[in-house]
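Novice:
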Amino acid sequence: MSDTKKWANAEDGSFKRQVSSFRETISPSHAIFKPAKGRYWLYVSLACPWAHRTLITRALKGLTSVIGVSVVHWNMDAKGWRFLPYSASSADELGDVYSPASGIACTPTSSSVSSVTNDSQRLGVDGTIEHNYHYNRLKELYYKAHPNYNARFTVPVLWDLETQTIVNNESSEIIRILNSGVFDEFADPEKNQLDLLPKELEAQIDEINSWVYNTINNGVYKAGFAESPQVYEKEVSSVFEHLQKVEHILRINYDTAVSKYGAEGAVSKLFLINEQLTEADVRLYPTIVRFDPVYVQHFKCNLSTIRDGFPMVDLWLRNLYWNIPAFRDTTNFDHIKLHYTRSHPRVNPLGITPLGPVPAILPL
Ligand SMILES: N[C@@H](CCC(=O)N[C@@H](CS)C(=O)NCC(=O)O)C(=O)O
Numbered sequence: 001m002s003d004t005k006k007w008a009n010a011e012d013g014s015f016k017r018q019v020s021s022f023r024e025t026i027s028p029s030h031a032i033f034k035p036a037k038g039r040y041w042l043y044v045s046l047a048c049p050w051a052h053r054t055l056i057t058r059a060l061k062g063l064t065s066v067i068g069v070s071v072v073h074w075n076m077d078a079k080g081w082r083f084l085p086y087s088a089s090s091a092d093e094l095g096d097v098y099s100p101a102s103g104i105a106c107t108p109t110s111s112s113v114s115s116v117t118n119d120s121q122r123l124g125v126d127g128t129i130e131h132n133y134h135y136n137r138l139k140e141l142y143y144k145a146h147p148n149y150n151a152r153f154t155v156p157v158l159w160d161l162e163t164q165t166i167v168n169n170e171s172s173e174i175i176r177i178l179n180s181g182v183f184d185e186f187a188d189p190e191k192n193q194l195d196l197l198p199k200e201l202e203a204q205i206d207e208i209n210s211w212v213y214n215t216i217n218n219g220v221y222k223a224g225f226a227e228s229p230q231v232y233e234k235e236v237s238s239v240f241e242h243l244q245k246v247e248h249i250l251r252i253n254y255d256t257a258v259s260k261y262g263a264e265g266a267v268s269k270l271f272l273i274n275e276q277l278t279e280a281d282v283r284l285y286p287t288i289v290r291f292d293p294v295y296v297q298h299f300k301c302n303l304s305t306i307r308d309g310f311p312m313v314d315l316w317l318r319n320l321y322w323n324i325p326a327f328r329d330t331t332n333f334d335h336i337k338l339h340y341t342r343s344h345p346r347v348n349p350l351g352i353t354p355l356g357p358v359p360a361i362l363p364l
């Protein structure tokens, strides 16, 4: 739904996120959902930070040829997410469903983004068709899975093509399924060794995820959708307080890495935990990469930009984006900017998309 009123608690003006409904897993011992190549499908928005986690994890784990992807149009209108219309000619240009972002090029923002209209239908640019049933709307998949479904029609969706239902629509669980190793035998052998959630770091990762989710990932939404100045001020202060906490963690890790590898070598070792890429980085990145292009102005998180106020967070961001293809190849600044600025009429009634920042992300 594009109307943010539906999200908010009317009494105190604060934003409450709905709990996801489909919570199954995939494993060899599961009665229904067994691992297999080509059996599962992801439905995502390139704008949505929760869906972005799943695309990054799929690419990092070498699963792009195992799980296909369809991408919704960036504009979420009053009826929710939609796909590009199917036609015989669109079928000839299906796009590469096994690429990191389903064949949609992920480049820095195009300068003409502000003049793109909400009904733009550029196949493989504004989105893809729905490849499996040629549906027009994401909600049709939810109704196919559950004819009486009565909650929100959210992305990401992990779909089972065999039983034609939703396995899971909670991104934090989808990324754990993808990381769990159940698809390793089908994965790109160069990537299937990576474990984003090593047992010995699990408690530390969970601890970071918990405050990062509440105060940063969801914090920017609580600030941006607040319906009273008091709630807004409380939430935006908390966002920046916790960005400072991230800055502090990364500063310590960076100084340690500099003492071992020198200033240049340290950059590629910069992660939230030790010198290791983990789920904690994957879950923080989608929010930070959207921060300067969108959250600063659209959600009024403007006490500072990342690039001006948080040098370590910015360096961490640029390392992930420029040095690890799974992050860059799934980051589409056009979808990110167009989606937020055109899909929240209560926040931005005229739907004018700001031109900056230029560039959307600084070079390394
Ligand atoms: N808990 C879900 C949240 C997903 C979510 O809120 N997705 C938003 C896009 S960023 C959505 O699809 N909203 C559609 C709607 O609420 O109508 C997850 O992390 O997977």
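Residue numbers (the UniProt record's numbering): 1 to 364. We treat Cβ as the ideally placed atom computed from N, Cα and C, and that holds for glycine.
1) By the 10 Å Cβ neighbour count, where 16 or more other Cβ atoms means buried, how is tyrosine 143 classified, buried or exposed?
2) Starting from tyrosine 43, follow its DSSP beta bridges and name the residues at the other end.
3) Going by alpha carbons, who is nearest to glutamate 264 out of Gly219, Asn319 and Thr215?
4) What residue range is occupied by the uninterrupted alpha helix (DSSP H) comprising valine 125?
5) Quick check on this structure: which residue in Ile104, Asn118, Phe33 and Ser14 has the alpha carbon closest to the alpha carbon of glycine 351?
6) Roughly how far, in whole angstroms, is the beta-carbon of isoleucine 208 from the beta-carbon of alanine 326, given that I think they are within contact range, below 8 Å?
7) So, for serine 27: in the same chain, excluding its five sequence neighbours on each side, which residues have a beta-carbon less than 6 Å away from its beta-carbon?
8) Could you tell me the alpha carbon to alpha carbon distance between tryptophan 159 and lysine 139, rounded to whole angstroms?
9) Three Cβ pairs or more, each shorter than 8 Å: is that satisfied between the region 222-233 and the region 266-274?
10) Using the three-state DSSP reduction, which class does threonine 4 fall into: helix, strand or coil?
11) Nearer than 6 Å: is that true of the beta carbon of valine 246 relative to any heavy atom of ligand 1?
12) Nearest by alpha-carbon distance to asparagine 132: which of Asp329, Glu162 and Tyr340 is it?
13) Report yes if the CB atom of lysine 191 is closer than 7 Å to the CB atom of lysine 37, and no otherwise.
14) Quick check: is any heavy atom of ligand 1 less than 6 Å from the C-beta of lysine 155?
15) Please state whether the Cβ-Cβ distance between leucine 338 and tryptophan 74 is less than 7 Å.
16) So, helix, strand or coil for isoleucine 288, using DSSP?
17) From the DSSP output, in three-state form, read off isoleucine 361 for me.
18) Considering only C-alpha positions, which residue in the set Leu317, Val71 and Ile273 is nearest to alanine 47?
19) Specify the secondary structure class of valine 167 as computed by DSSP and reduced to three states.
20) Between tyrosine 340 and the rest of its own chain, which residues show a CB-CB distance below 6 Å, the 5 nearest in sequence each way excluded?
21) Would you please state the rounded distance, in angstroms, between the beta carbons of leucine 84 and threonine 128? I believe it to be under 8 Å.
22) Using a Cβ-based criterion (distance less than 6 Å to any ligand heavy atom), does arginine 152 qualify as near ligand 1?
23) Distance, Cα to Cα, threonine 331 vs asparagine 179?
24) According to DSSP, is aspartate 77 helix, strand or coil?
25) State yes or no: is the C-beta of glycine 219 nearer than 6 Å to some heavy atom of ligand 1?
26) Kindly indicate which three-state DSSP category isoleucine 324 falls into: helix, strand or coil?
27) May I ask you to check if the CB of glutamate 170 is nearer than 6 Å to at least one heavy atom of ligand 1?
28) What alpha helix (DSSP H) runs, 4 residues minimum, are completely inside the region 163-212?
29) If you count every other CB in all the chains shown that lies within 10 Å of the CB of valine 282, and 16 or more means buried, which is it?
30) Checking 7 Å against the spacing of the C-beta atoms, do alanine 145 and isoleucine 177 come in under that value?
31) Count the other C-beta atoms from every protein chain shown that fall within 10 angstroms of the C-beta of serine 210, then say buried if there are 16 or more, exposed otherwise.
32) Would you check if the distance between the CB atom of threonine 57 and the CB atom of isoleucine 175 is smaller than 7 Å?
33) Once you ignore the five residues that flank histidine 134 on each side, which residues in its own chain have a CB closer than 8 Å to its CB?
34) Since alanine 51 contacts valine 155 with CB under 8 Å, what's their CB separation in whole angstroms?
35) Compare the C-beta of alanine 145 against all C-beta atoms of chain C and say whether one is closer than 7 Å.
Specialist: Here's the rundown:
1) Label assigned to tyrosine 143: exposed.
2) Beta bridge pairing from DSSP links tyrosine 43 with Ser70 and Val157.
3) Selected option, being the one with the closest Cα: Asn319.
4) Note, valine 125: premise wrong, no alpha helix (DSSP H); not H, not E.
5) That would be Asn118, whose Cα lies nearest to the Cα of glycine 351.
6) Not really, about 20 Å apart at Cβ, beyond 8 Å.
7) Cβ neighbours of serine 27 beyond the five flanking positions: Val182.
8) One C-alpha to the other measures close to 13 Å.
9) Between the region 222-233 and the region 266-274 there are fewer than three inter-stretch CB-CB distances shorter than 8 Å, so the stretches are not counted as touching.
10) Residue placement at threonine 4 cannot be trusted, given a pLDDT of 37 that sits under 50; the coordinates are not used to answer.
11) No; taking the cut-off as 6 Å, the Cβ of valine 246 has no heavy atom of ligand 1 nearer than that.
12) Nearest option by C-alpha distance: Glu162.
13) Contact: no.
14) Sequence inspection shows valine at residue 155; the lysine mentioned does not correspond to that position. Yes - ligand 1 has a heavy atom lying nearer than 6 Å to the Cβ of valine 155.
15) Against a cut-off of 7 Å, the Cβ pair of tryptophan 74 and leucine 338 comes out as a contact.
16) DSSP places isoleucine 288 in the helix class (H, G or I) of the three-state scheme.
17) Three-state DSSP puts isoleucine 361 in coil, outside helix and strand.
18) Ranked by Cα distance from alanine 47, the first of Leu317, Val71 and Ile273 is Val71.
19) Per DSSP, reduced to three states, the secondary structure at valine 167 is strand.
20) So the list reads Val294 and His298, once near-sequence residues are dropped.
21) The C-beta separation of leucine 84 from threonine 128 comes to about 6 Å, placing the pair in contact by the 8 Å criterion.
22) The answer is yes for arginine 152.
23) So the alpha carbons of these two residues sit roughly 20 Å apart.
24) Of the three classes helix, strand and coil, the one that applies to aspartate 77 here is strand, per DSSP.
25) No, the beta carbon of glycine 219 sits no closer than 6 Å to any heavy atom of ligand 1.
26) The answer is coil: DSSP assigns isoleucine 324 none of H, G, I, E or B.
27) Placement of the Cβ of glutamate 170 at a distance of less than 6 Å from at least one heavy atom of ligand 1 is found.
28) Whole alpha helix (DSSP H) segments, 4+ residues: 171-179 and 202-212.
29) With 16 or more Cβ atoms within 10 Å of its Cβ, valine 282 is classed as buried.
30) Alanine 145 places its beta carbon 7 Å or farther from that of isoleucine 177.
31) Classification for serine 210: exposed.
32) A contact, by the Cβ cut-off of 7 Å.
33) Result list for histidine 134: Tyr86, in chain order.
34) That pair is a contact at about 5 Å.
35) Protein chains in the displayed structure number just one, and chain C is not present.
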